[in-house]
Amino acid sequence: MRVAVPVFPGSNCDHDALHACGTVMGWDTIPVWHQETRLPGNTELVFVPGGFSYGDYLRCGAIAALAPIMADVKRHADQGGLVLGVCNGFQILCEAQMLPGALLRNESLRFIHADVHLRVERADLPFTRAMRAGEVFQVPIAHAEGNFTLDPGDLADLESRGGVAFRYCSPGGEIGETHVPNGAMNGIAGIVNLRGNVLGMMPHPERAVDPKLGPTGGLGVFRSLAEAFSRA
Amino acid sequence: MKVRVSVQLKPGILDPQGKAVEQGLHGFGFEVEHVRIGRLIEMEVPGSDATEVKTRAQAMCDKLLVNPVMEKASIEVL
């Protein structure tokens, strides 16, 4: 399994992605500078990492979405390749119009870092297939702009087509405003495109995979990807 | 020609920054409501035909300056 991790000026979770995919999962994981125009040959997964690409200038992810490498990331996705965007990576995928919606400033106006619980809404994706629908897992968030927003009509479309992959919830799996850390509409923590091969999420599964560093609630996502690739 | 693009959050999009500033103004005793915070972009665009320059500025908004999910823009050619 070959993974490409695009690195932008200001990315700061690229090494978390490299550690999770390379060291923990043992995948062939290659950092790719944003000025490159081609992903490494035979790339199967593109992991767009978190951080503050281009200092969040204009809007979070807006400038990174125009970086030369992103044209090839789009081509990869158009051909059915997998793309996972985490945190700033999610913002970049939205700005690149590979996913619908936008991530606004948290309702509290504060940067929030916390462990949160997520409920799996779709267990049939390459990113979730090793998990069960309704399963709850714990992962950290660390963001100031994670307030997922979409026009009401588009939000209804997203929900009705099963575009929500993960929702914030209580440790017991209950959904409700009190469990949403950032004001995100419908408690949305992660979404997937129509084809099911591009997933964006604000929480950081890659920061919760190594038992030497702490809890491993994020492993489900990586085990799912491993399963998806062993069957491909 | 000088172009001024004013980017505002769409009505209905929560503006926590505007809300915080509104509360700050209330703290000073000002009577004020519906404070919304936007972004003002000024630029020099080559050309002498205002309509044509405005069309190009609109294209810039569509491509980069505005995220239509949450923002709207008004363009002024000065």
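Sequence lines, in order, name chains X and U.
Residue numbering for the first sequence follows our numbering, beginning at 3 and increasing consecutively.
Residue numbering for the second sequence follows our numbering, beginning at 9 and increasing consecutively.
Every residue gets a Cβ at the ideal spot worked out from N, C-alpha and C, and that includes glycine.
Interface flag for X:L111 against chain U is set, since a Cβ pair is found closer than 9 Å. Between the segment 92-105 of chain X and the segment 53-65 of chain X, the count of C-beta pairs closer than 8 Å reaches three or more; the two stretches touch. Beta bridge pairing from DSSP links X:G202 with X:G87, X:I193. In the DSSP secondary-structure assignment, U:I49 is bridged to U:V13. The contact set of U:L72 on chain X, defined by CB atoms closer than 8 Å, consists of L60, A64, L68 in chain order. The C-beta of X:S162 has fewer than 16 other C-beta atoms within 10 Å across all chains shown, which makes the residue exposed. Close partners of X:G185 in chain U (Cβ separation under 9 Å): L22, P24. When DSSP states are grouped into helix, strand and coil, U:L86 belongs to the coil group. Spanning the alpha carbons of U:K62 and U:M51 requires a straight line of approximately 12 Å.
Within the same chain, and ignoring the five residues on either side of X:F231 in sequence, the residues whose Cβ sits closer than 7 Å to its Cβ are M3, E46. When the five nearest sequence neighbours on each side are left out, the beta carbons in the same chain lying within less than 7 Å of the beta carbon of X:A132 are those of G222, R225, S226, E229, in order along the chain. No Cβ-Cβ contact shorter than 9 Å links X:A135 with X:A146. Look at U:V13: its C-beta is not under 9 Å from any C-beta on chain X. Beta-bridge annotation (DSSP): X:G53 is paired with X:S13. Assigned with DSSP and collapsed to three states, X:R4 falls in strand. The beta carbon of X:P205 sits closer than 7 Å to those of V118, L120, V141, P142, I143, A191, all from its chain and outside the five residues before and after it, given in chain order.
Comparing alpha-carbon positions, the option among X:G148, X:F139, X:G165 lying closest to X:G175 turns out to be X:F139.
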